[in-house]
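Asker: Residue numbers 401 to 602, in the working numbering, belong to the letters of the sequence shown in order.
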Amino acid sequence: MESLFPNAQSELVNWDTPFQFLICIVLSAQTTDKGVNSVTPALFKKYPTPLLMSKATLNDVENIIRYVNYFKTKAKHIIELSRILVEEYNSLVPVTTKELIKLPGVGNKTANVFLNDLYIKNEGIAVDTHVARVSQRLGLTKHKDPDKIAKDLEKIYPKVDWWKINRYFVLYGRYICRANMNSTKCVFRDTCSYCKTLPVGE
Ligand code: SF4
401 MESLFPNAQS
411 ELVNWDTPFQ
421 FLICIVLSAQ
431 TTDKGVNSVT
441 PALFKKYPTP
451 LLMSKATLND
461 VENIIRYVNY
471 FKTKAKHIIE
481 LSRILVEEYN
491 SLVPVTTKEL
501 IKLPGVGNKT
511 ANVFLNDLYI
521 KNEGIAVDTH
531 VARVSQRLGL
541 TKHKDPDKIA
551 KDLEKIYPKV
561 DWWKINRYFV
571 LYGRYICRAN
581 MNSTKCVFRD
591 TCSYCKTLPV
601 GE
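#1: Reducing DSSP to helix, strand and coil, say where residue 348 ends up.
#2: Can you check which of these residues, 536, 533, 437 and 526, is closest to residue 547 by C-alpha distance?
#3: With the cut-off set at 8 Å, would you say residue 530 and residue 587 are in Cβ contact?
#4: Between residue 468 and residue 459, what straight-line distance do the alpha-carbon atoms span, to the nearest angstrom?
#5: Measuring alpha carbon to alpha carbon, tell me which of 464, 539 and 495 ends up nearest residue 435.
#6: Taking the C-alpha atoms as reference points, what is the distance between residue 544 and residue 426?
#7: Which residues in the same chain have their Cβ closer than 7 Å to the Cβ of residue 484, if we skip the five residues on either side of it in sequence?
#8: Could you tell me how far apart the beta carbons of residue 552 and residue 540 are, in whole angstroms, since I believe they sit closer than 8 Å?
#9: Below 8 Å CB to CB, which residues in the same chain sit around residue 473 once its five sequence neighbours on both sides are set aside?
#10: Is it buried or exposed, residue 442, if we count other Cβ atoms within 10 angstroms and call 16 or more buried?
#11: Excluding the 5 residues preceding and the 5 following residue 493 in the sequence, name in chain order all residues of the same chain whose CB lies nearer than 6 Å to its CB.
#12: Please report the straight-line C-alpha distance between residue 408 and residue 567, rounded to a whole angstrom.
#13: Could you check how far apart the C-beta atoms of residue 401 and residue 572 are, in whole angstroms? I think they sit under 8 Å.
#14: Applying the criterion that 16 or more other CB atoms from any shown protein chain within 10 Å of the CB defines a buried residue, is residue 466 buried or exposed?
#15: How would you call residue 447, buried or exposed, if buried means at least 16 neighbouring beta carbons within 10 angstroms?
Here's what the structure looks like:
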């Protein structure tokens, strides 16, 4: 996977600070990165900091992020999350999973993507739909629950590499081991039997 995506990095763009990156990840749940990237320039132009975001009106944030799935819930979450950062963390984003998952809209996956992508913290493996699908097809887990899949992967991979798993599995799932189609570029075709059930893409 690393050889196929040598310069792999998050496809969330348009952010300049840890706060803005966290907001991007919260917005990306059940939504494409492309969708998030289309709304964040306007969002961060108007509300670049926790203080300004915490004072935003719900209507305005909903309107700016309306092209993102679950925009009403996410608008509420990011305003409340910003208020907590201002009041409890001096407007800084905490850097432990334990603290991050107390923020609205932030679960284990969001916390670990944030900590691993920015700080290579390796506190846990972030499991989203792509990581789950690739792990299941390759026989690395039998579970469907993301937290249980994360535990299985954390037993297989050395802790020092945990930060890489989400990054590579996501790109692999997005471009090679896709939901309804597989690719001839897959490096596991000789050993993975799952492909035989899927139409072949390029
Ligand atoms: S062989 Fe097919 S199903 Fe298996 S990992 Fe590769 S693309 Fe996915």
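All C-beta atoms in this analysis are idealised placements derived from N, C-alpha and C, irrespective of residue type, glycine included.
Answerer: Inspection of the coordinates gives the following:
#1: Only positions 401 to 602 of the chain appear in the structure, and residue 348 is not among them; the question remains open.
#2: The shortest Cα separation from residue 547 among 536, 533, 437 and 526 belongs to 526.
#3: no
#4: 15 Å
#5: 464
#6: 21 Å
#7: Same-chain partners within the cutoff: 503.
#8: 6 Å
#9: Here the set comprises 505.
#10: exposed
#11: Excluding positions up to five away in sequence, the list reads 418, 419 and 422.
#12: 7 Å
#13: 5 Å
#14: exposed
#15: buried
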